[in-house]
Structures are given as C-alpha cells and as structure tokens.
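Chemist: Here the protein sequences come in this chain order: S and H. First residue of the first sequence? That's 1 in the numbering used here, and the numbers climb one at a time after it. First residue of the second sequence? That's 1 in the numbering used here, and the numbers climb one at a time after it. For glycine and all other residues, C-beta sits at the position ideal for the given N, C-alpha and C.
There are 2 protein chains.
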Amino acid sequence: MKAFPAIRASAKLRKAAPAPAETRFDRRLSEILDHATEVFCDKGYEGASMRDLSRASGMSLAGLYHYFHSKERLLYLIQKHAFTTIVEHLKERLKGITDPEQCIRVFIQNHLDYFVTNQSGLKVLAHEDEALKNGFSSEISGIKRAYYRICLGLMEDLKRERALDFNSRTAVMSLFGMINWIYTWYNPRVDGSAADLARQMGDIFLGGVGRRVVPSRKHLSMSSRAVRGRSREPALSAVEGASEGSAVRRRTNAAG
Amino acid sequence: MKAFPAIRASAKLRKAAPAPAETRFDRRLSEILDHATEVFCDKGYEGASMRDLSRASGMSLAGLYHYFHSKERLLYLIQKHAFTTIVEHLKERLKGITDPEQCIRVFIQNHLDYFVTNQSGLKVLAHEDEALKNGFSSEISGIKRAYYRICLGLMEDLKRERALDFNSRTAVMSLFGMINWIYTWYNPRVDGSAADLARQMGDIFLGGVGRRVVPSRKHLSMSSRAVRGRSREPALSAVEGASEGSAVRRRTNAAG
DNA sequence: TCATAGTTCGAACGTTCGTTCTAATCATAA
DNA sequence: TTATGATTAGAACGAACGTTCGAACTATGA
Chain S
1 MKAFPAIRAS AKLRKAAPAP AETRFDRRLS EILDHATEVF CDKGYEGASM RDLSRASGMS
61 LAGLYHYFHS KERLLYLIQK HAFTTIVEHL KERLKGITDP EQCIRVFIQN HLDYFVTNQS
121 GLKVLAHEDE ALKNGFSSEI SGIKRAYYRI CLGLMEDLKR ERALDFNSRT AVMSLFGMIN
181 WIYTWYNPRV DGSAADLARQ MGDIFLGGVG RRVVPSRKHL SMSSRAVRGR SREPALSAVE
241 GASEGSAVRR RTNAAG
Chain H
1 MKAFPAIRAS AKLRKAAPAP AETRFDRRLS EILDHATEVF CDKGYEGASM RDLSRASGMS
61 LAGLYHYFHS KERLLYLIQK HAFTTIVEHL KERLKGITDP EQCIRVFIQN HLDYFVTNQS
121 GLKVLAHEDE ALKNGFSSEI SGIKRAYYRI CLGLMEDLKR ERALDFNSRT AVMSLFGMIN
181 WIYTWYNPRV DGSAADLARQ MGDIFLGGVG RRVVPSRKHL SMSSRAVRGR SREPALSAVE
241 GASEGSAVRR RTNAAG
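Here it is as structure tokens:
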C-alpha cells in the first residue's frame with residue numbers, strides 16, 4: 001500500500017509447479033510467507049503488525065501461529081528462503097563460465113533477475129537487514145557472508161587475470177550498493193527490464209561512466225533506448241535546482 | 001547498541017561554535033535531535049520508542065513533547081536538517097569547479113564526508129526513507145529531488161562534454177546506491193577515511209573496475225594501502241564458499 | 001461411523017506504545 | 001522578593017502490540 005507502488009505490482013507466487021512431496025502445511029506456509037513478504041515490504045518489519053499479516057493472508061491472528069513460533073522467526077524464514085534461492089541460482093548460472101568479466105555480469109544479472117521477479121523479497125532482504133536479533137541473525141549472516149565471498153572471489157579473479165589493482169572489498173560493497181539500492185527507485189515502466197539494467201550497471205561497474213562506449217555486444221535494447229531519449233535536456237545550471245524534471249517518474253527517493 | 005557498532009562510535013555534536021542568536025530552546029532541541037538520531041540509527045524509526053529517546057536524551061517522556069509535536073515530526077526535523085546540510089555544503093563546494101569529472105568527484109566526496117562525520121544521520125536519512133507519512137514526506141521528497149537533480153545535472157554535463165552515451169537516471173541511481181549503501185558496511189578501522197573511499201568510488205564510477213589503473217593524482221593513501229594488502233589471498237574456488245575470510249571485520253551485512 | 005491428527009478461530013493475556021494532563025520547578029527581569 | 005513565562009516531570013490515557021489458550025472445525029483412514 002504505502003511504500004512503493006511499483007514494487008507491489010507484479011509479485012508472483014513462489015512456485016509454478018509445486019514439488020510432489022509438498023505437504024499441505026508447506027504449501028500454506030509458503031503462501032503466508034509470500035503475503036508476509038508483501039506486508040513487510042510495504043510497512044517494514046517493525047511497522048507491520050501481526051494483525052496486518054493476518055489480514056493480508058486471510059487467516060486469523062491465532063491461526064498464523066500454527067505455522068511459525070514468532071514474528072521474528074517469520075522474518076527469518078522469509079530472508080533465509082530468499083537468500084538461499086539467490087545463491088543457488090547464482091551457483092547454477094556461474095557453472096561453466098570462465099571469463100571473469102562475464103562472471104561478474106552474470107552475478108549482476110542474477111541479482112537483478114531475482115529482484116525484478118520478486119521485488120518485495122529483495123527489499124525485505126536489503127532493508128530489514130538488521131531487524132533480526134542475535135539468535136536468528138547469525139544464520140542469515142552466514143548465507144550473506146557466503147554470497148559476499150562469492151562476489152569477492154569473482155573480483156579477485158578479475159584482478160588476477162588483468163593484473164589490476166583496486167580494493168576488492170570496496171569494489172564488492174560498491175557493487176552491492178548499486179544492485180541493492182535499486183529497491184528504492186526501480187520502476188519497471190521507466191527503467192526497463194532486468195536485463196537492461198544488468199547490462200547498464202555492468203557497463204558502469206566494469207568500464208565506468210566516463211568513457212566513450214564501444215557499441216559492442218548487441219547493445220541498446222528497445223526499452224533502454226526509449227528511456228535514454230527522455231533525458232536529453234539542457235540539464236546545466238544544475239546547482240540551483242531547476243523546475244520539475246521528467247526523468248523521475250514515481251518517487252525520487254533515491255538520495256539521502 | 002544493536003545495529004552497527006562501528007557507526008555508533010564517533011558521532012559528534014552538530015556544531016562547534018553555536019550561532020550567537022541561538023536560544024536555549026534551539027540548543028536543547030538540537031541536542032535532543034542528536035540523541036534521537038543515534039537511537040533511530042540503532043533501532044530504526046519504528047523500533048525506537050519515545051521511552052528510548054527519553055532515556056537517551058536524559059529527559060522525561062513528557063518533557064520531550066515540549067520540543068516537538070510528535071515522533072514523526074521529530075524524524076522529519078532530523079531528516080530535514082541532515083539533508084539541508086548536505087545540499088548546502090555541496091553547493092558551496094561545487095562553486096568554481098568547472099570540470100565535470102571533478103564535479104562528480106566533489107559530489108561523492110561531499111556525500112561521504114557528511115557520512116563519516118555524521119554516520120547516524122546519513123543512516124537515518126537513507127534507511128528511514130519511507131517512514132514519514134504523506135504530510136511530512138512531501139517536503140523531504142522535495143529536498144531529495146533537488147539533490148537528485150543536482151547529481152543528474154552533473155551527469156549530463158559530463159555526457160555533453162565528452163560526447164558520452166549512457167542512461168543518466170541509471171547512472172545517478174547507481175551512484176546513489178554506492179554512496180548510500182555504505183551505511184551498511186563502513187568500518188573506519190578497515191575502510192580508511194572518507195577521502196580514501198571517495199577516491200576509490202570515484203575511480204570505479206568514472207573509470208570502472210576492469211581497467212588498468214594509471215597511478216595519477218597522488219594515489220594510494222596509507223590506509224587504503226593497508227586494507228589492500230589484506231585481501232591478497234587465493235580467492236578462487238569462490239563458488240563453493242570457502243572458510244572464514246579475514247577481509248570482513250565487523251559484519252558482512254553487505255549483501256541481499 | 002467413529003476416532004484421530006491437523007488446522008483454524010474468538011477471546012483474552014499482560015505489556016508497551018505514542019500522547020496528554022496537570023502541577024511542580026527553573027531561569028530571568030522587575 | 002516576587003511575578004512571569006519557559007521548561008520539566010509523574011502519572012495516567014486509550015489503543016495497539018505479540019502472543020497464548022482452549023475450543024471448534026475439517027480432512028483422512030479405519
């Protein structure tokens with residue numbers, strides 16, 4: 001409701017074909033998790049009440065507690081599932097790819113793919129990072145650390161192959177910032193597909209913004225071209241903030 | 001307390017020399033704002049209770065309400081002050097600088113400078129972005145939009161001068177991601193000064209990570225060198241997450 | 001058909017929430 | 001000293017919080 005209209009739009013169910021040995025319990029829990037993810041996305045973990053979750057999932061307050069022990073454990077389940085999914089998909093997609101640059105592009109693509117098909121999920125992951133207390137947070141931190149280390153490894157591979165010299169930690173964290181921050185601004189109508197964004201962010205991260213673009217690899221999809229045309233405007237005298245711009249559609253809650 | 005130990009460490013008072021015409025009320029309110037910023041940083045806006053704020057600022061619950069009408073207005077005051085300060089500093093520092101690349105580097109430096117000297121403030125700004133309801137959020141959104149538009153203008157200047165072709169909105173948002181996400185991972189003991197980080201992030205954003213570095217501009221400060229040495233490790237076989245790494249000190253809550 | 005296990009619910013628990021009331025305290029100038 | 005307005009605090013408000021309990025429902029196999 002409140003938070004970010006674009007995000008709420010296209011949340012889909014978790015699975016198209018449920019696993020055969022899936023019990024009724026598992027199925028129902030999964031539904032609750034999906035609904036809860038939406039609510040946490042909208043109102044934040046602390047801001048969402050169990051009664052909100054009850055309303056969203058069409059189940060009574062007490063009924064919810066048949067599926068998890070506490071609100072905190074619910075967040076834990078959501079985060080664990082989301083993170084595990086991302087890491088699994090990533091490992092799968094990285095198999096067989098050897099070129100370090102390509103690996104990093106796959107990493108970005110995988111992350112953004114998950115976000116675009118499961119926007120609320122990534123927001124809950126990124127935004128409610130510190131919401132869990134010590135007991136619950138440690139396992140999530142573990143998965144998170146593994147994810148971080150995968151990316152760090154890719155970065156080191158790139159450095160070694162090209163004899164580069166940069167701070168890997170800063171690079172990884174900068175990349176995480178780029179791809180996670182997206183939950184605050186992404187609007188599918190304006191910003192195109194995940195593939196579009198992944199290519200753009202890959203270009204920026206790997207090649208920087210301040211260089212002439214060599215139009216290699218079947219560049220410039222339709223949608224990114226459309227967006228690009230939009231921002232061709234005077235744009236100087238920026239410091240004395242001009243009038244309403246058109247490039248930002250929904251909410252420019254990007255800064256800060 | 002809870003959130004991010006490194007952030008809590010070095011928060012300083014807002015002003016060294018108070019303005020002459022500053023009333024007792026203003027001074028006291030400013031103190032409360034500082035304490036509240038710390039608490040919001042640690043527990044989040046929703047998670048922090050008025051009683052927490054009361055405890056932190058050493059004032060009774062009822063006494064707080066002499067200085068603001070509601071908890072929400074308190075957050076509004078914090079965000080407005082922080083944002084206004086950042087934008088003012090930026091405008092000041094951009095004066096006289098004409099080279100577009102240098103302007104963007106100044107933008108990054110200004111943002112990170114504010115963060116390092118006022119860590120809790122930027123976190124509250126970045127993390128509690130959506131906490132304000134419609135009435136309060138509109139004015140903050142305005143300042144935010146102005147800040148965004150400044151950066152967008154710098155980006156367009158760079159594009160024009162060098163005849164570049166990239167999506168300005170994506171570029172600006174990516175940059176915001178890089179410099180805002182820092183609140184989730186920055187540790188002064190590991191990551192060096194704001195100037196260090198600003199240079200590194202400027203290099204990445206402008207030149208990309210995947211290029212040989214020309215060691216121009218008095219490169220490589222002490223602290224960044226120290227960090228760099230640390231992460232010189234095997235680093236391959238990344239996909240099957242290896243054992244505990246040493247590059248991440250405090251918490252690797254960077255991902256997801 | 002009945003017993004059983006799994007599922008759902010209404011109602012309430014004790015606690016904490018943001019906020020307000022009224023009165024007491026403080027600083028200051030006359 | 002006294003009068004005055006700014007500041008602070010104790011106690012309480014109703015509302016909402018996360019959670020629990022026991023009873024009622026429902027599906028399933030015997």
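Report yes or no: do three or more beta-carbon pairs, one from the region 90 to 102 of chain S and one from the region 176 to 195 of chain S, lie closer than 8 Å?
Modeler: Taking 8 Å as the limit for Cβ pairs, the verdict is that the region 176 to 195 of chain S does not touch the region 90 to 102 of chain S.
Chemist: Just checking, does the region 122 to 132 of chain S make contact with the region 164 to 175 of chain S on the three C-beta pairs under 8 Å criterion?
Modeler: Not touching, per the Cβ criterion.
Chemist: Apply the 10 Å Cβ neighbour rule to residue 67 of chain H and answer buried if 16 or more other Cβ atoms are within range, or exposed otherwise.
Modeler: Buried, since its Cβ has 16 or more Cβ neighbours within 10 Å.
Chemist: When you compare only the Cα positions, how much space is there between residue 185 of chain S and residue 176 of chain H?
Modeler: Looking at the two C-alpha atoms, the distance is approximately 10 Å.
Chemist: Just checking: is the beta-carbon of residue 40 of chain H within a distance shorter than 8 Å of some beta-carbon in chain S?
Modeler: No, because no Cβ of chain S sits closer than 8 Å to the Cβ of residue 40 of chain H.
Chemist: For residue 139 of chain S and chain H, any beta-carbon pair shorter than 8 Å?
Modeler: Taking Cβ atoms only, chain H never reaches closer than 8 Å to residue 139 of chain S, which makes this a no.
Chemist: Just how far apart, CA to CA, sit residue 225 of chain H and residue 203 of chain H?
Modeler: Low confidence applies here, because residue 225 of chain H scores a pLDDT of 37, under 50, leaving its location unreliable and the question unanswered by this model.
Chemist: Consider the Cβ of residue 26 of chain S: report whether some Cβ of chain H lies at a distance smaller than 8 Å.
Modeler: Cβ-Cβ to chain H under 8 Å: no for residue 26 of chain S.
Chemist: Hey, quick one: how far does the alpha helix (DSSP H) through residue 191 of chain H stretch, first residue to last?
Modeler: Taken as a continuous stretch (DSSP letters only), the alpha helix (DSSP H) holding residue 191 of chain H covers 188 to 191.
Chemist: Quick check: the Cα distance between residue 48 of chain H and residue 40 of chain H, rounded to an integer number of angstroms?
Modeler: Spanning the two alpha carbons is a distance of roughly 6 Å.
Chemist: Just curious, the alpha helix (DSSP H) that residue 181 of chain H is in, first and last residue?
Modeler: Counting along the chain, the alpha helix (DSSP H) containing residue 181 of chain H begins and ends at 168 to 181.
Chemist: Contact between the region 74 to 86 of chain H and the region 31 to 40 of chain H is defined here as three or more beta-carbon pairs at a separation below 8 Å; is this criterion met?
Modeler: Taking 8 Å as the limit for Cβ pairs, the verdict is that the region 31 to 40 of chain H does touch the region 74 to 86 of chain H.
Chemist: Around the Cβ of residue 25 of chain H, are there at least 16 other Cβ atoms within 10 angstroms (buried) or fewer (exposed)?
Modeler: With fewer than 16 other Cβ atoms within 10 Å, it is exposed.
Chemist: DSSP three-state call for residue 146 of chain S: helix, strand or coil?
Modeler: Residue 146 of chain S: helix per DSSP, three-state reduction.
Chemist: Using a Cβ-Cβ cut-off of less than 9 Å, give me the residues of the region 56 to 77 of chain S that come near chain H, in sequence order.
Modeler: Within the region 56 to 77 of chain S, no residue has a Cβ that lies closer than 9 Å to any Cβ of chain H.
Chemist: Would the beta-carbon of residue 152 of chain S fall within 8 Å of that of residue 140 of chain S?
Modeler: Contact: no.
Chemist: Buried or exposed for residue 207 of chain S, going by 16 or more other Cβ atoms inside 10 Å?
Modeler: Classification for residue 207 of chain S: buried.
Chemist: Does DSSP put residue 97 of chain S in a helix, a strand or coil?
Modeler: Note: residue 97 of chain S maps to coil in three-state DSSP.
Chemist: Helix, strand or coil: how does DSSP classify residue 69 of chain H here?
Modeler: Note: residue 69 of chain H maps to coil in three-state DSSP.
Chemist: Which whole-angstrom value describes the C-beta separation of residue 51 of chain H and residue 136 of chain H, a residue pair presumed to lie in contact below a C-beta threshold of 8 Å?
Modeler: Incorrect: roughly 22 Å between the Cβ atoms, too far for contact.
Chemist: In three-state DSSP terms, what is residue 41 of chain S?
Modeler: DSSP places residue 41 of chain S in helix when its eight states are reduced to three.
Chemist: Measuring CB atoms only, is the region 99 to 115 of chain S touching the region 81 to 90 of chain S, in the sense that at least three cross pairs come out at less than 8 Å?
Modeler: The answer is yes - the region 81 to 90 of chain S touches the region 99 to 115 of chain S, with three or more Cβ pairs under 8 Å.
Chemist: Could you check what DSSP says for residue 113 of chain S in three-state terms: helix, strand or coil?
Modeler: Here residue 113 of chain S sits in helix by DSSP.
Chemist: For residue 188 of chain S, which option in S:142, S:118, S:148, S:130 has the closest C-alpha, if you only look at C-alpha atoms?
Modeler: For the residues S:142, S:118, S:148, S:130, the minimum Cα distance to residue 188 of chain S belongs to S:118.
Chemist: Where residue 23 of chain S and residue 29 of chain S are concerned, what is the direct C-alpha to C-alpha distance, given to the nearest angstrom?
Modeler: Whole-angstrom Cα-Cα distance: 10 Å.
Chemist: Please report how far the alpha carbon of residue 145 of chain H lies from the alpha carbon of residue 62 of chain H, in whole angstroms.
Modeler: For residue 145 of chain H and residue 62 of chain H, the distance between alpha carbons rounds to 35 Å.
Chemist: Give the secondary structure of residue 242 of chain H by DSSP, where H, G and I count as helix, E and B as strand, and everything else as coil.
Modeler: Low per-residue confidence applies at residue 242 of chain H: pLDDT is 29, beneath 50, and the placement is therefore not dependable, though the value from the model is reported in the following sentence. The answer is coil: DSSP assigns residue 242 of chain H none of H, G, I, E or B.
Chemist: Does the beta carbon of residue 184 of chain S come closer than 8 Å to any beta carbon on chain H?
Modeler: Yes, its Cβ sits closer than 8 Å to a Cβ of chain H.
Chemist: Take residue 127 of chain H as the anchor and find which of H:183, H:108, H:158, H:205 has the nearest alpha-carbon.
Modeler: When each option's Cα is compared against that of residue 127 of chain H, the closest is H:183.
Chemist: So what does DSSP say about residue 87 of chain H, is it helix, strand or coil?
Modeler: In the structure shown, residue 87 of chain H sits in a helix (DSSP, three-state: H, G or I).
Chemist: On the three-state DSSP scale, how would you describe residue 126 of chain S?
Modeler: Three-state DSSP puts residue 126 of chain S in a helix.
Chemist: Let me make sure I understand the geometry here. Which of H:178, H:164, H:56, H:58 has the alpha-carbon closest to that of residue 257 of chain H?
Modeler: In the structure as shown, chain H starts at 1 and stops at 256, and residue 257 of chain H therefore has no counterpart that could be examined.
Chemist: Which chain S residues are close to residue 106 of chain H, counting only those with a beta carbon under 8 Å from its beta carbon?
Modeler: Simply none; closest approach about 11 Å.
Chemist: Look at the alpha carbon of residue 191 of chain S and the alpha carbon of residue 60 of chain S, and state the distance between them as a whole number of angstroms.
Modeler: Rounded to the nearest angstrom, the two C-alpha atoms are 39 Å apart.
Chemist: Output needed for residue 93 of chain H: all residues of its chain with C-beta closer than 6 Å, excluding positions within five of it in sequence on either side, in chain order.
Modeler: Closer than 6 Å at Cβ, skipping near neighbours: 106, 110.
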